[in-house]
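Right, one structure below, let's go through it.
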Amino acid sequence: MNTENSSPFGGGGGLYIHIPFCKQACHYCDFHFSTSLGKKEAMIAALKRELELRKSEFATENVETIYFGGGTPSVLELGEIHDLVSTVYKHYKVADTPEITLEANPDDLSLQKIQALAKSPINRLSLGIQSFFDTDLKLMNRAHSADEASESLKNAVRHFDNISIDLIYGMPDMTLDRWKKNIEKALSYGVPHISSYALTIEPKTALANFVDKGLIRPASDELAQEHFHLLYETLLQEGFICYEISNFGKPGYFSQNNSAYWQQKKYVGIGPSAHSFDGIRRGWNIGNNPKYIKALEKGELPMETETLSTKDKYNEYVMTGLRTIWGVDVTRIQKEYGEKFKDYLLMQSKKFREEGLLVLEENVLSTTKKGKFLADGIAADLFMINLS
Numbered sequence: 001m002n003t004e005n006s007s008p009f010g011g012g013g014g015l016y017i018h019i020p021f022c023k024q025a026c027h028y029c030d031f032h033f034s035t036s037l038g039k040k041e042a043m044i045a046a047l048k049r050e051l052e053l054r055k056s057e058f059a060t061e062n063v064e065t066i067y068f069g070g071g072t073p074s075v076l077e078l079g080e081i082h083d084l085v086s087t088v089y090k091h092y093k094v095a096d097t098p099e100i101t102l103e104a105n106p107d108d109l110s111l112q113k114i115q116a117l118a119k120s121p122i123n124r125l126s127l128g129i130q131s132f133f134d135t136d137l138k139l140m141n142r143a144h145s146a147d148e149a150s151e152s153l154k155n156a157v158r159h160f161d162n163i164s165i166d167l168i169y170g171m172p173d174m175t176l177d178r179w180k181k182n183i184e185k186a187l188s189y190g191v192p193h194i195s196s197y198a199l200t201i202e203p204k205t206a207l208a209n210f211v212d213k214g215l216i217r218p219a220s221d222e223l224a225q226e227h228f229h230l231l232y233e234t235l236l237q238e239g240f241i242c243y244e245i246s247n248f249g250k251p252g253y254f255s256q257n258n259s260a261y262w263q264q265k266k267y268v269g270i271g272p273s274a275h276s277f278d279g280i281r282r283g284w285n286i287g288n289n290p291k292y293i294k295a296l297e298k299g300e301l302p303m304e305t306e307t308l309s310t311k312d313k314y315n316e317y318v319m320t321g322l323r324t325i326w327g328v329d330v331t332r333i334q335k336e337y338g339e340k341f342k343d344y345l346l347m348q349s350k351k352f353r354e355e356g357l358l359v360l361e362e363n364v365l366s367t368t369k370k371g372k373f374l375a376d377g378i379a380a381d382l383f384m385i386n387l388s
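Residue numbers for the sequence shown follow my numbering, so the first one is 1 and each next one is one higher.
Next up, the structure:
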């Protein structure tokens, strides 16, 4: 554990605040959270204390984004949100117009709460819609219904300009037609940002247990790929830009917070299980609520860190770069990691370029339309495993 005087990070740009509470566990989720709100008051006190202890990490830079993630941050009361934001402003230099995002579930967003949020420091909502069909929502064990998804979105667009929604594809028994209707429904509200992910069967989740018992059959990779390409084509026709493989935004509406991650900018993660990165080191807080609270009550930071090797930094840049429109800058590879890494990248990527999955233009390596869905697998083949 680290104390204030041995804080491992310096500089920054974004604050991520993890709210580790949910009303119920989604069947596919392996994130850190608790369904008991009994320790919420103590948790908020601990979050405020961690914010205070880590203020030196932004000694010379502004906080440009504040992101409330989780978990389900919308379980917070408006006063609690104000309290946390005020703590940031008290201890940090904040940009004049920071992007302040709140992740929210439809069942938490009454019209009255949306109206109150619109008058709060929150200026961006990220709604966990996931699907507009009850069949899908029940399978995922989401706390909201399809009607609640529609109602919350209808009210949100009246009070917020900057809205993102999450949708999940590759669901068991999800036909291409049902996925198309999900996309069309989302577009009917005029939202400027859509994040969409393929359903992943994570180990030790309820969904993995259902699959093991033969109760459900996962969608095939081929169907999931069809879902992705339908999403990609449809959203591009509607003026969206696929700036990251799972994220589509209208011009001017890219997530500033997430773009910082993908462009390997510095960020500080506050809360249990939250991660931090400063370009050289990566840190992560303990993923245990009682231990996290206890440490902060003693003025300690419950965080571990590691210093990234040149190989680690190269691999992370390749992984994040190939997922985005910014691609992987070969000149940067040579400058920051060395000639051997550049030569290795060009050698390993040759077969993918020949197959039309990657393209090298103006010394930037990026995925083609054909290669986007396969970006993670391609990146893995470009990783540096061992360099003699």
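Every residue gets a Cβ at the ideal spot worked out from N, C-alpha and C, and that includes glycine.
If you look at Thr307, you'll find it in the beta strand (DSSP E) that goes Met303 to Thr307. Secondary structure at Ser259: helix, using DSSP grouped into helix, strand and coil. By the neighbour-count criterion, in which 16 or more other beta carbons inside 10 Å mark a residue as buried, Pro290 falls on the exposed side.
Asp173 counts as exposed, since fewer than 16 other C-beta atoms from the protein chains shown sit within 10 angstroms of its C-beta. For Ser276, the beta-bridge partners assigned by DSSP are Gly283. In chain order, Ile44 and Lys48 place their CB closer than 8 Å to the CB of Asp83, counting only its own chain and leaving out the 5 sequence neighbours on each side. Contact annotation: Lys266 and Gly252 have beta-carbon atoms that are not nearer than 9 Å.
Apart from the 5 residues on each side of it in sequence, Asn62 sits with its Cβ closer than 7 Å to the Cβ of Lys93, Val94 and Ala95 in its chain, given in chain order. Nearest to Phe133 by C-alpha distance, out of Glu184, Tyr344 and Leu102, is Glu184.
A Cβ-Cβ separation of about 5 Å places Ile270 in contact with Glu50 under the 8 Å criterion.
For Gly249, the enclosing beta strand (DSSP E) stretches over residues Asn247 to Gly249. Bounds of the alpha helix (DSSP H) holding Thr87 are Leu78 to His91. Excluding the 5 residues flanking it on each side, Thr331 has same chain C-beta neighbours closer than 8 Å at Asn363, in chain order. Met303 sits buried, since 16 or more C-beta atoms from the chains shown fall within 10 Å of its C-beta.
Rounded to the nearest angstrom, the Cβ distance from His227 to Gly170 is 6 Å, consistent with a contact under 8 Å. Membership of Glu64 in the beta strand (DSSP E) is indicated by the continuous run Val63 to Gly70.
By alpha-carbon distance to Phe21, the top candidate from Ile333, Ser220, Ala260 and Asn105 is Asn105.
The Cβ atoms of Leu308 and Thr367 do not sit closer than 9 Å to each other. By the Cβ neighbour-count rule, Met347 is exposed, with fewer than 16 other Cβ atoms within 10 Å of its own. Residue state for Gln130 is assigned as strand, using DSSP reduced to three classes.
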